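Student: Residues are numbered in the numbering used here as their position in the sequence shown, beginning at 1, plus a constant of 5. All C-beta atoms, glycine included, are put in the ideal place defined by N, C-alpha and C. Every value quoted in this text rests on a predicted model; they were computed, and no experiment measured them. First, the structure itself, so that you have it in front of you.
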Amino acid sequence: MHFSLPSMRRSRHPLARALSLLLGMALVGVLLVFGLVVAGVLMVGGVVLLAWRYWTNGRKLAPAAAPRARQPEVLEGEFVVLHHHRPMAH
């Protein structure tokens, strides 16, 4: 299967070239503004979501301020070293 696009012919007329350049720049500008608006909405939504979570979780944790046992910083346990040069039995 052969896929080919038609050849793009650039106009030789200077006014047509200038108008196509302006049209392309306007399109890039619109896309840039649209992207910035979307990014702004996502940032504001994220901040509102984080503030809401902080507000709801902070109110739940405040009354139950009982001292808890301190969690250890190191997990203790057993481990087995697996060597990759021999197959493992399932």
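If we ignore side chains and look at the alpha-carbon of each, how far apart do G63 and L27 end up?
Tutor: Here residue 63 refers to the residue found at position 58 of the sequence shown. Here residue 27 refers to the residue found at position 22 of the sequence shown. Distance between the alpha carbons of G63 and L27: 53 angstroms.
Student: Given this structure, state the Cα-to-Cα distance separating Y59 from L47, to the nearest angstrom.
Tutor: Your numbering for residue 59 matches position 54 in the sequence shown. Your numbering for residue 47 matches position 42 in the sequence shown. So the alpha carbons of these two residues sit roughly 18 angstroms apart.
Student: In the structure shown, what three-state DSSP assignment does M30 receive?
Tutor: By 1-based counting over the sequence shown, the position of residue 30 is 25. M30 falls in the helix class under three-state DSSP.
Student: Quick check: what's the CA-CA separation for A67 versus G50?
Tutor: On the sequence shown, position 62 is the one that residue 67 refers to. On the sequence shown, position 45 is the one that residue 50 refers to. Unreliable placement is indicated for A67, whose pLDDT of 48 sits below 50; the coordinate value is still reported in the next sentence. Their backbone Cα atoms lie some 26 angstroms apart in a straight line.
Student: Cα separation between E78 and A56?
Tutor: Walking along the sequence shown from the start, residue 78 turns up at place 73. Walking along the sequence shown from the start, residue 56 turns up at place 51. One C-alpha to the other measures close to 29 angstroms.
Student: Excluding the 5 residues flanking S16 on each side, which residues of the same chain have their C-beta closer than 8 angstroms to its C-beta?
Tutor: Residue numbering aside, residue 16 sits at position 11 when the sequence shown is read from its first letter. Taken in chain order, the residues that qualify are R22 and S25.
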